[in-house]
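In terms of UniProt numbering, the sequence shown opens at residue 1 and continues consecutively.
I have placed the structure first, in the form of structure tokens, so that the comments after it can refer back to it.
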Amino acid sequence: MPLEMQTALISALVALATAGIGGYFTWHQVQREKNRWLIDLKTSYSVELYKTRLTSYPEIFELLGQLSKHAPDPLTPAKAQQIGRAIHAWLYSPGGLCAEASTRGALKGLRHYCLEWKQGAFPPELSQWRHAALFLLRRDLDLHGFESFDPKDSGPLLKKMQTEIALMR
Numbered sequence: 001m002p003l004e005m006q007t008a009l010i011s012a013l014v015a016l017a018t019a020g021i022g023g024y025f026t027w028h029q030v031q032r033e034k035n036r037w038l039i040d041l042k043t044s045y046s047v048e049l050y051k052t053r054l055t056s057y058p059e060i061f062e063l064l065g066q067l068s069k070h071a072p073d074p075l076t077p078a079k080a081q082q083i084g085r086a087i088h089a090w091l092y093s094p095g096g097l098c099a100e101a102s103t104r105g106a107l108k109g110l111r112h113y114c115l116e117w118k119q120g121a122f123p124p125e126l127s128q129w130r131h132a133a134l135f136l137l138r139r140d141l142d143l144h145g146f147e148s149f150d151p152k153d154s155g156p157l158l159k160k161m162q163t164e165i166a167l168m169r
């Protein structure tokens with residue numbers, strides 16, 4: 001094989017190897033950039049979702065407060081109907097749009113029992129669905145559990161608070 005042909009072949013192989021290696025590193029960099037972009041996008045989405053929940057969830061918490069047995073005004077069937085309609089409106093607002101599916105389901109169950117109660121005694125399902133909705137709304141905001149206060153036994157709560165205060169000093 002002539003020397004010129006060997007030189008051309010070696011040059012072509014070196015050019016192919018250089019192009020292949022360069023292409024691989026470019027592809028790898030594009031994949032890293034794509035992953036970084038997706039992570040940034042998901043982070044931004046999560047932050048906006050959380051902000052929307054923080055602005056819209058207080059409204060539904062106020063409605064659920066009216067269903068509490070400790071509410072200043074006693075709950076009547078007419079008031080439960082009004083609250084059921086307000087829950088329905090909230091479900092089709094930004095708050096309902098950004099709520100988790102299980103949270104929406106609990107609120108729909110609560111809405112159902114609020115609208116169904118027309119007369120008679122307070123239906124126990126209202127309390128059950130209210131507690132489920134409160135739990136799930138708090139979960140959506142990363143606030144796990146319920147408040148633990150028993151007026152008959154406030155000792156453990158006071159000790160826990162004193163321990164937390166001592167740890168902050």
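Using N, Cα and C, we set each Cβ at its ideal position, and we do this for glycine too.
Legend entry - For Ala17 and Ser46, the rounded distance between their alpha carbons: Going from the Cα of Ser46 to the Cα of Ala17 covers about 43 Å.
Legend entry - C-alpha gap between Leu110 and Glu48, whole angstroms: Near 27 Å, if we compare the C-alpha coordinates of Glu48 and Leu110.
Legend entry - Run of the alpha helix (DSSP H) containing Met1, from where it starts to where it stops: Careful: Met1 lies outside any alpha helix (DSSP H) and carries neither H nor E.
Legend entry - Cβ-Cβ distance between Ala86 and Leu63 below 7 Å: Yes, they are a contact pair.
Legend entry - DSSP state of Trp129 mapped onto helix, strand, coil: DSSP places Trp129 in helix when its eight states are reduced to three.
Legend entry - Unbroken stretches of the beta strand (DSSP E), 3 residues or longer, contained in the stretch 46-118: Segments of the beta strand (DSSP E) lying fully in the stretch 46-118: there are none.
Inset, instruction - Please classify Ala17: does DSSP put it in a helix, a strand, or coil? - result: In the structure shown, Ala17 sits in a helix (DSSP, three-state: H, G or I).
Inset, instruction - Rounded to whole angstroms, what's the CA-CA distance from Arg138 to Tyr24? Just pull it up for me. - result: Distance between the alpha carbons of Arg138 and Tyr24: 47 Å.
Inset, instruction - Use the C-beta contact count for Gly65: other C-beta atoms within 10 angstroms, 16 or more gives buried, fewer gives exposed. - result: Counting of Cβ neighbours within 10 angstroms places Gly65 among the exposed residues, the total staying below 16.
Legend entry - C-beta contact flag for Trp129 and Tyr113 at 7 Å: In contact: Trp129 and Tyr113 (Cβ atoms closer than 7 Å).
Legend entry - CB contact flag (Trp117, Ala71, <7 Å): No, the Cβ-Cβ distance between Trp117 and Ala71 is not below 7 Å.
Legend entry - Distance between Val14 and Arg36 (C-alpha atoms, nearest Å): When rounded, the distance between both Cα atoms is 33 Å.
Inset, instruction - Quick one: grab the DSSP three-state call for Leu141. - result: DSSP places Leu141 in coil when its eight states are reduced to three.
Inset, instruction - Classify Arg36 as helix, strand or coil using the three-state DSSP reduction. - result: Arg36 falls in the helix class under three-state DSSP.
Legend entry - Distance CB(Leu136)-CB(Thr163) smaller than 7 Å: The Cβ-Cβ distance between Leu136 and Thr163 does not fall below 7 Å.
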